[in-house]
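Below is one structure, written out as structure tokens; comments come after it.
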Ligand SMILES: [Zn+2]
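Given below as structure tokens:
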């Protein structure tokens, strides 16, 4: 019974498995991908042991295949993510995510005096440094860094 | 650059900058040219700045255009809670050009995206003030005859001073040599140092006011007490960045002292009668420069 139950959680027939999410970024990833509003079956596990990350999380989304633009957004909070594309219970493709050149509408500008924090405006950043994550605001031109990263 | 907004000095190429400066020189030679007498220009000052507003409105009037707008947000619909977006949408239906000053950073870029007509940024918080930069360039070109290969010493608050950052980027087109004079706490930020290194421009950083004899331009800025995390540090350094007349003794004959004004005490009044003091004429040049900017954006040559 318990093995059967475990199988139900871990295997999906068709869809995407997002692995190697830092455990503390799980809910950010859910928000960025709007997984709270999609109609498909989703399972996730968190605080799983990972040699690389310490504690990792994993998300399995049935019937969902992400476009590059869509999935690359999560690279901001989970740069080492591994995507497994599943068809008929088989991994048919493995992918990684890349930090995009331009980040639109995901991150808040850290600058409280920025117009985007004072009026309803979709934020827009140019990624100046992908390793250290330095995002230059299209509006106020200030740099938001990794430590100051807050999701919209 | 017809119909092209001016939000940041980086929006304009070297050629466009030079074209504006040429127009400015023509307007200085002949200031009353009602070339825009069928035009309406909106002057939207969401925060008061009498100096900048009068300079712009004089420029607009000398070009023969009419001005609509407000001089601070308490007399505008913003005080009733209207968004910047809605104000810009409305005004861009009435006017041919918008001049805008706003306390929030990035507001001018946003306005330029919402407006049907070009927007000139007259200052968006601590971010950009490109017309100040163009009038600085005009003053430098007028007094030196060229913008090329000059040695420029910048003194004071190089960390927060937006005028020095914009001037630095604009001058980078013209192979300058810079000396940066600032206390440790107010040094030129790393991003600008990297900018200059990438362009291969020579610069020196120092904490005292030496090497003045090498300069063609001495650009002074305010050192404000509130910029220091440690007020003891302010007390220690505040007198080190004050220009006195005797310090100009062995400087080059073509040297000019510039300052974006208003000054507090960083240029002693004993410098004022010195012919090398140029900060008051610099402010006057603002009207001609702004005429040149408006004319260029409205498509005049
Ligand atoms: Zn911003």
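Residue numbers (this note's numbering), protein chains in the order written: chain U, 1 to 152; chain L, 1001 to 1301.
We put the CB at the ideal spot given by N, CA and C, even for glycine.
Distance cut-off 8 Å: residue i Cβ against heavy atoms of ligand 1
i	result
residue 1106 of chain L	yes
residue 1288 of chain L	no
residue 1241 of chain L	no
residue 115 of chain U	yes
residue 142 of chain U	yes
residue 1050 of chain L	no
residue 123 of chain U	yes
residue 1093 of chain L	no
residue 111 of chain U	yes
residue 1204 of chain L	no
residue 89 of chain U	no
residue 1246 of chain L	no
residue 1278 of chain L	no
residue 1234 of chain L	no
residue 139 of chain U	yes
Closer than 7 Å at the beta carbon, the chain L residues around residue i
i	result
residue 113 of chain U	1104, 1105 and 1125
residue 116 of chain U	1106
residue 121 of chain U	1110
Contact list for residue i against chain U, beta-carbon separation under 8 Å
i	result
residue 1084 of chain L	115 and 119
Neighbour flag for residue i against chain A, beta carbons, 9 Å
i	result
residue 1156 of chain L	This model lacks chain A altogether; the protein chains it does include are U and L.
Any non-hydrogen atom of ligand 2 closer than 8 Å to residue i Cβ
i	result
residue 22 of chain U	Here the bound small molecules are ligand 1; ligand 2 is not part of this structure.
Using a Cβ-Cβ cut-off of less than 8 Å, give me the residues of the stretch 127-141 of chain U that come near chain L, in sequence order.
Taking 8 Å as the Cβ-Cβ cut-off against chain L, the residues of the stretch 127-141 of chain U that qualify are 137, 138, 139, 140 and 141.
Which whole runs of the beta strand (DSSP E) in the stretch 1092-1167 of chain L are 3 residues long or more, in chain order?
For the stretch 1092-1167 of chain L, whole beta strand (DSSP E) runs of length 3 or above, ordered along the chain, are 1097-1102, 1119-1124 and 1151-1155.
For a minimum of 4 consecutive residues, which ranges assigned as the alpha helix (DSSP H) are wholly contained in the stretch 1243-1298 of chain L?
Listed in chain order, they are 1279-1297.
In chain order, each alpha helix (DSSP H) run of at least 4 residues that lies wholly inside the stretch 1190-1253 of chain L
List check, alpha helix (DSSP H) in window: 1190-1199 and 1231-1237.
What are the complete beta strand (DSSP E) segments, minimum 3 residues, inside the stretch 79-118 of chain U?
Here the runs fully enclosed are 82-87, 90-96 and 102-104.
Let me know the alpha helix (DSSP H) ranges lying completely inside the stretch 10-80 of chain U, each 4 residues or longer, listed in chain order.
With a minimum length of 4 residues, the continuous alpha helix (DSSP H) runs that stay inside the stretch 10-80 of chain U are 26-32 and 68-72.
For the stretch 1031-1072 of chain L, which segments carrying the beta strand (DSSP E) assignment without a break, of at least 3 residues, lie completely within its bounds, in sequence order?
For the stretch 1031-1072 of chain L, whole beta strand (DSSP E) runs of length 3 or above, ordered along the chain, are 1040-1045 and 1066-1070.
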